[in-house]
Structure formats: C-alpha cells, structure tokens
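A.B. asks: One structure coming up, written as structure tokens, with questions to follow.
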Amino acid sequence: QVQLVESGGGLVQAGGSLRLSCTASGNTISINTMGWYRQAPGKQRDLVASISRGGSTNYADSVKGRFTISRDSAKNTVYLQMNSLKPEDTAVYYCNADRRWNLPDSWGQGTQVTVSA
C-alpha cells in the first residue's frame, strides 16, 4: 500500500503562484512515476504533469512554461510549482503514484486550487 497526502492548494488571483506538495508513505519502493492530475467540475480528470524515477518530466500543453514538477526522492515528495495561474487552472488537483510490478495506482485525496479573475 502507498498513501499520498497532498497540501498547498488554496485561493489565488490570476497571475499568482502556488506550490503543491505530495508526500508518499508506505511501500514507496514500489513507486515508479509520480504525477499531478486535475479535475474541474463536470470535466474528466486530466494529467497535468508527471515525473519518472529517473527525473524525466512530462507536461500538458496547457501548463508548459508555467508549471514545474520536481521530486525529492529522499523525502518521497513530489512538488508542483504553479506560476502565472489562470482562472482555467481552477480544479481539484490529485497526486498519483504509478507503481511497479503491476501494483494498482495510488491516489491522494485531492486539494482544491481556485484562481480568481
């Protein structure tokens, strides 16, 4: 089992910044890629950014150049630095751990990010 705890969401004005954190506990050696997803009301959950064990990153086109994902393996923590936020970034953000050996993914409880115009 892997447990994920997110923090750092909140309310910010357009153009502002927030940093999300996600700390994993439990069977962390089984974690492969970690990522952030988001889901706005009435929409599907989409990938925002991901980072592999080796540090390779992947971003949704809508956040490239504004968001940065990073990983501190010693702390089992992944971060999402969000700059130049836009109202369309408003969503619940979920941390995800993709696991090795065909183990099921783990998800955090979600953290709300609201960007006002």
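Here our numbering is used: position 52 in the sequence shown is 52, and no number is missing along the way. All C-beta atoms, glycine included, are put in the ideal place defined by N, C-alpha and C. Just so you know, these numbers come straight off a predicted model, no measurement behind them.
1. May I ask whether a heavy atom of the ligand HEM can be found less than 6 Å away from the beta carbon of ALA49?
2. Once DSSP output is grouped into helix, strand and coil, what is the label at SER50?
3. Which class does SER56 belong to by DSSP, given the choice of helix, strand or coil?
4. Touch check for the region 110-117 and the region 12-19: three-plus C-beta pairs under 8 Å?
5. By alpha-carbon positions, which one of TYR94, TRP101, ASP98 ends up nearest to THR111?
6. Between the region 79-95 and the region 45-60, do three or more beta carbon pairs fall short of 8 Å?
7. For LEU85 versus GLY16, is the C-beta distance shorter than 7 Å?
C.D. replies: This is what the structure holds:
1. The model on display carries no ligand, and the ligand HEM is accordingly not part of it.
2. Strand at SER50.
3. coil
4. With a cut-off of 8 Å, the region 12-19 and the region 110-117 count as touching, because enough Cβ pairs lie within range.
5. TYR94
6. yes
7. yes
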